[in-house]
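Residue numbers (our numbering): 35 to 132.
1. Going straight from the alpha carbon of residue 112 to that of residue 86, what length do you get?
2. Considering Cα atoms alone, identify which of 108, 104, 88 and 63 is closest to residue 122.
3. When the Cα atoms are used, what is the spatial distance from residue 72 to residue 98?
4. For a quick check, are the C-beta atoms of residue 109 and residue 100 less than 7 Å apart?
So, in structure tokens, the structure goes:
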């Protein structure tokens, strides 16, 4: 003879506690995903804003040098522009000349 062990039916209280636990864990998971996405978006936006500000600053500095040296690219000492890092500056005028 085989005996099959059956578990007693879960009580209503146990079902209620488990359902609350599942809802709470789901809410925590959704909140963690939302916070993670918000942080990524903020970080990317912050980097983009910083890069834009640095570009505008360098453009102003190069513009001042350009005007100070007679508005002629061949006389502008571009080595005076200190970027502070490994940046590539491509300088063109309105006609596209580098």
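Even glycine gets a Cβ: it sits at the ideal position worked out from N, Cα and C.
Well, looking at it:
1. 20 Å
2. 88
3. 39 Å
4. In this structure, residue 109 keeps its C-beta atom at 7 Å or more from the C-beta atom of residue 100.
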